[in-house]
Amino acid sequence: KQEVTQIPAALSVPEGENLVLNCSFTDSAIYNLQWFRQDPGKGLTSLLLIQSSQREQTSGRLNASLDKSSGRSTLYIAASQPGDSATYLCAVEADRGSTLGRLYFGRGTQLTVWP
Amino acid sequence: GAGVSQSPSNKVTEKGKDVELRCDPISGHTALYWYRQSLGQGLEFLIYFQGNSAPDKSGLPSDRFSAERTGGSVSTLTIQRTQQEDSAVYLCASSNPTGGASIADTQYFGPGTRLTVL
Numbered sequence: 001k002q003e004v005t006q007i008p009a010a011l012s013v014p015e016g017e018n019l020v021l022n023c024s025f026t027d028s029a030i031y032n033l034q035w036f037r038q039d040p041g042k043g044l045t046s047l048l049l050i051q052s053s054q055r056e057q058t059s060g061r062l063n064a065s066l067d068k069s070s071g072r073s074t075l076y077i078a079a080s081q082p083g084d085s086a087t088y089l090c091a092v093e094a095d096r097g098s099t100l101g102r103l104y105f106g107r108g109t110q111l112t113v114w115p
Numbered sequence: 116g117a118g119v120s121q122s123p124s125n126k127v128t129e130k131g132k133d134v135e136l137r138c139d140p141i142s143g144h145t146a147l148y149w150y151r152q153s154l155g156q157g158l159e160f161l162i163y164f165q166g167n168s169a170p171d172k173s174g175l176p177s178d179r180f181s182a183e184r185t186g187g188s189v190s191t192l193t194i195q196r197t198q199q200e201d202s203a204v205y206l207c208a209s210s211n212p213t214g215g216a217s218i219a220d221t222q223y224f225g226p227g228t229r230l231t232v233l
């Protein structure tokens, strides 16, 4: 069974710092990897999706990389802002087959950016 | 609609009662997913609907849980004889898979239903 681990579990930094959030997964046979943001009491917002054939994706101050063979992904947040405070979730979609469409989630990194 | 909607947003029920949770996916999305997020736990896959195919029910934790998707759109998750361990946030997501790995496979999530079983 695919297991997803995120490190660190929590992170508190001053505004302006560049951050790296880590995600690892046990089965490299993935279809894609997605990073989500979850604000308290709300649903998930998709930030970036990296296809299995890609190495990275960028959106604004966010950059996500994928090393499928080693089972790792990182989310890089540049010039962090208080509005970035949220829980960041990493999820992998298993290779299409019996687990079609299913996302396996990590437990998230709770980020606090203080002014 | 503009996004995935779920109702109710909060549900408090007594142990042993049945509950129904509703999900309205994004219009045109063929795939619909239910997940559960328990306190201190990660998101857990429950069930997946894709078009007219038989749903993938392998994530349902017990036979007290069932789900339907009528007309390829709205879905209802039913929990019978609720237990305290069923307390969680139930999240619904939809997508429009392309059959290949693409950005269109992004799953869009609703705000969730917070279920509390007393």
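So the sequences go chain by chain: A and B. End of the first sequence sits at 115 in the working numbering; the numbers just go up one at a time, nothing left out. End of the second sequence sits at 233 in the working numbering; the numbers just go up one at a time, nothing left out. We treat Cβ as the ideally placed atom computed from N, Cα and C, and that holds for glycine. Nothing here was measured: the structure is a model prediction, and the numbers come from that model.
1. Would you say the region 80-90 of chain A touches the region 190-206 of chain B, given that touching needs at least three Cβ pairs under 8 Å?
2. On the criterion of 16 or more Cβ atoms from any shown chain inside 10 Å, does B/Pro-212 qualify as buried, or is it exposed?
3. Please state whether the Cβ-Cβ distance between B/Ser-181 and B/Pro-140 is less than 8 Å.
4. As a quick exercise: from B/Val-232, B/Ser-210 and B/Ser-202, pick the residue whose alpha carbon is nearest that of B/Arg-151.
5. If you drop the 5 nearest sequence neighbours on each side, which residues of the same chain put their C-beta closer than 6 Å to that of B/Leu-136?
6. Quick check: does the Cβ of B/Thr-128 come within less than 7 Å of any heavy atom belonging to the ligand GTP?
7. Run through DSSP, which three-state label would A/Pro-82 get?
8. With 8 Å as the threshold, decide whether the Cβ of B/Tyr-148 is near any Cβ in chain A.
9. Could you compute how far the alpha carbon of B/Ile-162 sits from the alpha carbon of A/Gln-81?
10. What does DSSP give as the partner residues of A/Tyr-88 in its beta bridges?
11. At the 8 Å Cβ level, is B/Asp-220 part of the contact set with chain A, yes or no?
12. Reducing DSSP to helix, strand and coil, say where B/Thr-185 ends up.
13. Any beta carbon from chain B within less than 8 Å of A/Tyr-105's own beta carbon?
14. Give a yes or no on whether the minimum CB-CB distance between B/Gly-187 and chain A is below 8 Å.
15. Between B/Val-232, B/Pro-176 and B/Tyr-223, which has its C-alpha nearest B/Gln-121's C-alpha?
16. Thinking just about the alpha-carbon of each residue, which of A/Ile-50, A/Trp-35 and A/Phe-105 is nearest to the one in B/Ser-153?
17. In chain order, which continuous runs of the alpha helix (DSSP H) of length 4 or greater are located wholly inside the region 125-177 of chain B?
18. Using a Cβ-Cβ distance under 8 Å, would B/Gly-143 count as near chain A?
In this structure, then:
1. no
2. buried
3. no
4. B/Ser-202
5. Leu-192, Tyr-205 and Thr-228
6. Of the ligands one can find in the structure shown there are none, so the ligand GTP has no counterpart to examine.
7. helix
8. yes
9. 36 Å
10. A/Arg-37 and A/Thr-109
11. yes
12. helix
13. Reading off the sequence shown, one finds Phe at residue 105 of chain A, where the question assumed Tyr. Output row for A/Phe-105: interface = yes.
14. no
15. B/Tyr-223
16. A/Phe-105
17. none
18. no
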